[in-house]
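FYI, in the working numbering the residues of the sequence shown are 4 to 415. Think of the CB as a built atom: it goes at the ideal place given N, C-alpha and C, for glycine as much as any other residue. All values reported here derive from a predicted model rather than from experimental measurement.
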Amino acid sequence: MASVFKIPAKNKQGYKWKCVMEGPPDPVTGKRQQVPRVRDTQKEAIAAAQAVVDRMKGGTDTKRAKKMKFNEAAEEWLQDYLVTSGVKGKTIEAHVSDINLLNKYYGNALIDKITHSQHQKMLNNMFTEGYEITSIYRYHSTANLIFKWIIKENLRVDNPCQNIKMPKKQQTVLEVKNNALEEKYLERNEIEEFLEVLQNHGLGDDLETFYFLLFSGVRPGEFCALDWPDFNFETHDVHIYKTLHFPQGGNGAYELTPPKTTGSVRTFDVDEFIVEMFKKLKTKQSARHKRYKELHDDFVETQFILTNNNGTPFTNWKLVNRMARLMKLTNIKKHATPHIFRHTHITMLIEASIASGSQIDLKTIMKRVGHDDAKTTLKIYTHVTERMMQSSSDKLKIHFQNILNHKDQQEM
């Protein structure tokens with residue numbers, strides 16, 4: 004909409020024409036932006052103002068944008084994302100869940116009317132309503148992807164998700180404690196206690212499961228996806244190239260998907276005692292499956308290493324529940340899931356290398372556990388080495404305490 008009128012001017016005709024047009028809202032504040040232009044003729048003023056507005060909108064398809072609702076844009080983005088992103092099923096499921104939540108706030112809102120301040124207010128409201136910070140980040144991230152697609156489609160020129168300030172929660176003393184690095188892996192005495200409980204109270208396949216997690220550092224989903232051809236008994240090598248995913252509402256259906264990063268694809272070796280343990284597991288599994296097939300007609304032929312009696316693979320949740328049961332029988336106070344063995348394995352590698360005098364490098368550790376980002380590995384590496392250096396210093400002091408005492412006596 005444009006407003007065109009005359010204004011006084013010191014020219015031959017005594018006036019000029021001023022045109023004021025509405026531009027797109029400010030991308031950060033969402034505030035109204037007007038574009039005024041003054042020219043000698045009415046036609047020139049209108050053309051000048053329109054040119055600026057067009058530049059601001061970047062050739063926006065205003066006719067389509069003024070009719071499209073957020074839920075419609077989100078659905079179109081999702082269909083495009085399904086084809087072009089190459090992501091796995093569980094990521095798509097997460098985005099669908101995010102869109103359902105976002106539609107409660109934006110669903111029927113026109114995409115050209117949603118402002119930066121509205122988006123900020125939505126995130127703030129989620130925070131006050133008790134949503135987890137990680138969930139708020141996820142919803143914001145999905146909204147950002149949708150608005151990037153909207154801009155790519157020339158449906159608006161700005162992204163209301165930019166320059167957002169995420170809500171922050173002050174940590175409690177307990178949260179600070181639980182976030183400490185020591186809470187993310189098991190100490191040697193805790194490992195020994197857990198393994199003792201495992202030996203005495205573990206259920207079927209528990210022994211092999213948790214020993215393998217501890218001495219391999221694999222992700223639980225990677226372990227569930229392992230089948231017997233992936234484990235070479237001759238070379239002691241294990242090949243990781245897939246993970247197991249159970250779609251929501253899949254009624255037991257599962258799918259094998261590639262790991263999230265290329266660095267997760269790897270081959271590593273395991274100790275002889277792990278190989279012998281799994282040779283026995285394979286024999287036990289064959290006997291168990293044979294008995295089941297004699298009594299039931301619903302057996303599923305698979306080659307998974309971790310299976311239920313009917314041949315179907317273990318789920319991540321089964322590992323979580325099995326571990327939770329064992330943890331209750333220990334005195335360990337940490338909140339430990341099967342993933343804790345991944346960080347524990349890294350600390351074991353570092354401690355063993357330092358103790359033997361053959362310092363292991365970060366790249367070797369990262370390659371073994373499938374880390375692309377050095378941040379996590381480096382954090383654990385630094386923490387363990389600093390702790391062991393302090394321990395060495397204390398041992399040195401104890402060992403030479405007599406000399407130190409003798410020195411003190413001489414100075415008296």
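Query - Neighbourhood of ILE139 by C-beta distance below 8 Å, restricted to the same chain and skipping five residues each side - result: Position 136 of the sequence shown holds residue 139. In its chain, beyond the 5 residues on either side, LEU126, MET129, PHE130, MET169, PRO170 have a beta carbon closer than 8 Å to the beta carbon of ILE139.
Query raised in the report: By how many angstroms is the C-alpha of HIS374 removed from the C-alpha of HIS242?
Result: Counting from one through the sequence shown, the residue named residue 242 turns up at place 239. Counting from one through the sequence shown, the residue named residue 374 turns up at place 371. So the alpha carbons of these two residues sit roughly 15 Å apart.
Query raised in the report: How is the beta strand (DSSP E) around TYR241 delimited, first residue to last?
Result: What you label residue 241 is simply residue 238 of the sequence shown in a count that begins at 1. First, the residue type needs correcting, since residue 241 is Val and not Tyr in the sequence shown. Element bounds for VAL241: 240-243.
Query raised in the report: When DSSP labels each residue in this structure, what does ARG35 get in the three-state scheme?
Result: Your numbering for residue 35 matches position 32 in the sequence shown. When DSSP states are grouped into helix, strand and coil, ARG35 belongs to the coil group.
Query raised in the report: Three-state secondary structure (DSSP) at CYS227?
Result: By one-based count along the sequence shown, residue 227 stands at place 224. In the structure shown, the three-state DSSP call for CYS227 is helix.
Query raised in the report: What separation, rounded to the nearest whole angstrom, lies between the Cα atoms of PHE234 and ASP161?
Result: Stepping through the sequence shown from its first residue, residue 234 is reached at position 231. Stepping through the sequence shown from its first residue, residue 161 is reached at position 158. The straight-line gap from Cα to Cα measures roughly 52 Å.
**Report entry** Nonlocal neighbours in the same chain, by C-beta distance under 7 Å from LYS13, ignoring five residues either side
**Finding:** For this step, residue 13 is matched to residue 10 along the sequence shown. Answer for LYS13: no residue qualifies.
Requested in this report: Kindly identify the DSSP beta-bridge partner or partners of VAL7.
Outcome: In the sequence shown, counting from the first residue as 1, residue 7 sits at position 4. Answer is CYS22, bridged to VAL7.
Query - Inter-residue Cα distance where the pair is LYS46 and GLU25 - result: Residue numbering aside, residue 46 sits at position 43 when the sequence shown is read from its first letter. Residue numbering aside, residue 25 sits at position 22 when the sequence shown is read from its first letter. Roughly 17 Å between the two C-alpha positions.
Query - Contact under 9 Å by Cβ, MET351 with PHE213 - result: One-based indexing of the sequence shown puts residue 351 at position 348. One-based indexing of the sequence shown puts residue 213 at position 210. Not a contact, by the Cβ cut-off of 9 Å.
Query - 9 Å Cβ cutoff met for LEU158 and HIS98 - result: Here residue 158 refers to the residue found at position 155 when the sequence shown is read from its first residue. Here residue 98 refers to the residue found at position 95 when the sequence shown is read from its first residue. Cβ distance not < 9 Å, so LEU158 and HIS98 don't count as in contact.
Query raised in the report: To the nearest angstrom, how far is it from the Cα of TYR108 to the Cα of LYS34?
Result: Counting from one through the sequence shown, the residue named residue 108 turns up at place 105. Counting from one through the sequence shown, the residue named residue 34 turns up at place 31. When rounded, the separation of the alpha-carbon atoms in TYR108 and LYS34 is 20 Å.
Report task. Note down, in chain order, each residue of its chain lying with its Cβ closer than 6 Å to the Cβ of THR270, except the 5 sequence neighbours on either side. Result -> What you label residue 270 is simply residue 267 of the sequence shown in a count that begins at 1. Non-local beta-carbon contacts of THR270 in its own chain, meaning distances under 6 Å to residues more than five positions away in sequence, involve ASP240, HIS242 in chain order.
Query raised in the report: Taking the alpha carbon of ARG40 as the point to measure from, which residue in PRO27, ASP29, VAL23, VAL56 has its own alpha carbon closest?
Result: Here residue 40 refers to the residue found at position 37 when the sequence shown is read from its first residue. With distances taken between Cα atoms, ARG40 lies closest to VAL23.
Query raised in the report: Do ASP43 and LYS9 come within 9 Å of each other at the CB atom, strictly closer than that value?
Result: Residue mapping note: residue 9 aligns to position 6 of the sequence shown, counting from 1. Residue mapping note: residue 43 aligns to position 40 of the sequence shown, counting from 1. Against a cut-off of 9 Å, the Cβ pair of ASP43 and LYS9 comes out as no contact.
**Report entry** Cβ pair PHE197, MET280 closer than 9 Å
**Finding:** For the purposes of this step, residue 197 is identified with residue 194 of the sequence shown, where counting begins at 1. For the purposes of this step, residue 280 is identified with residue 277 of the sequence shown, where counting begins at 1. No, the pair does not count as a contact, with Cβ atoms beyond the cut-off.
Query raised in the report: Closest to LYS321 by CA distance: which of HIS299, GLY207, SER356 is it?
Result: Taking the sequence shown and counting its residues from 1, one reaches residue 321 at position 318. Comparing Cα positions, the closest option is GLY207.
Report task. Pull up the DSSP beta-bridge partners for ARG371, would you. Result -> Translated into the one-based positions of the sequence shown, residue 371 becomes position 368. According to DSSP, which records beta bridges pairwise, ARG371 is partnered with nothing at all.
Report task. Excluding the 5 residues preceding and the 5 following THR340 in the sequence, name in chain order all residues of the same chain whose CB lies nearer than 7 Å to its CB. Result -> One-based indexing of the sequence shown puts residue 340 at position 337. VAL323, MET326.
Query raised in the report: Hey, would you say ALA228 sits closer than 9 Å to LEU201, going by beta carbons?
Result: Residue 228 sits at position 225 when you count from the first residue of the sequence shown. Residue 201 sits at position 198 when you count from the first residue of the sequence shown. It is not a contact, given that the beta carbons lie outside the stated cut-off.
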